[in-house]
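Numbering-wise, the sequence shown is residues 46 to 235 according to this note's numbering.
Glycine included, C-beta positions come from ideal geometry on N, C-alpha and C.
These numbers were taken from a predicted model, which means no experiment stands behind them.
These notes concern the structure reproduced below.
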Amino acid sequence: MMRTIDRIGVTPAGLPLLADDIVEFHAARLLLLMHICGVSGKIEGLTKMAKLDFFVRYPEFFEVARNAVSQKEQSAASNLGSQKQVESAMVRHHYGPWDKRYYHTLAHLEAKQLIYVGKEKKSYQISLTPLGLEKARMLATKPSFMAIVNRMREVKKVFGGKTGTSLKDLIYRIFDKEVGKRPMGQRIGR
């Protein structure tokens, strides 16, 4: 169950508290994602946001996809290695990797006036507000966020110019076993 930081106190002291269960953990990552991987603090479409977030959260999948796109390795898709580094788990969804907490986290960010969510045609546009940009810039300077910020810069360099649909198709093509063949709602992993 996700909780905001100000509601942690209602959790019994004997129960473990995971960062993955804290709304602000996901909110900070999404603010940084929009700031670093977006264009002028904006990401066009929930699909694109989720796929960029997938590559940030699953570094080994990102490396395989980067290699496949650059065609440095012909057998990249079968070479995920033995690392199990995952920031925060995602599940298989109709449109590829997805986190059921996105709607909750985006609503939290919107309620705090850190983002604006609008709709253009069939696509949701997620933009940082001036306050959101200020907070994202501040987070980007924190030493505790340096690793994820650097990873986001790499993800933007490789995949920032692609559409959400092209990223979804790429993920299903390269990671058919890990994502495409996985039952709906099941956690992505090896």
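Minimum C-alpha distance to E155 - residue among P142, W143, L176 and K166: As a working note, residue 155 is residue 110 in the sequence shown. The residue with the shortest Cα to Cα distance from E155 is L176.
Straight-line Cα distance separating K166 from F106: As a working note, residue 106 is residue 61 in the sequence shown. As a working note, residue 166 is residue 121 in the sequence shown. Roughly 31 Å separates the two Cα atoms.
Inter-residue spacing [alpha-carbon to alpha-carbon] between L215 and N112: If you number the sequence shown from 1, residue 215 lands on position 170. If you number the sequence shown from 1, residue 112 lands on position 67. For L215 and N112, the distance between alpha carbons rounds to 12 Å.
Nearest-angstrom Cβ-Cβ length linking K213 and K87, presumed shorter than 8 Å: Taking the first residue of the sequence shown as position 1, residue 213 is located at position 168. Taking the first residue of the sequence shown as position 1, residue 87 is located at position 42. Contact doesn't hold; Cβ gap of about 19 Å is too wide.
Backbone CA spacing between S127 and K222 [nearest angstrom]: Along the sequence shown, one-based indexing puts residue 127 at 82. Along the sequence shown, one-based indexing puts residue 222 at 177. Only weak support is given to the placement of S127: the predicted model assigns it a pLDDT of 39, under 50, and the question is left unresolved by the model.
Limits of the alpha helix (DSSP H) - the one that Y103 falls within: Against the sequence shown, residue 103 aligns to sequence position 58. First-last for Y103: undefined, no H or E at that position.
For K93, the three-state DSSP class (helix, strand or coil): Sequence index remark: in the sequence shown, residue 93 carries index 48 (1-based). K93: helix per DSSP, three-state reduction.
Three-way DSSP call (helix, strand, coil) for I233 in this model: Here residue 233 refers to the residue found at position 188 when the sequence shown is read from its first residue. It is coil, neither helix nor strand.
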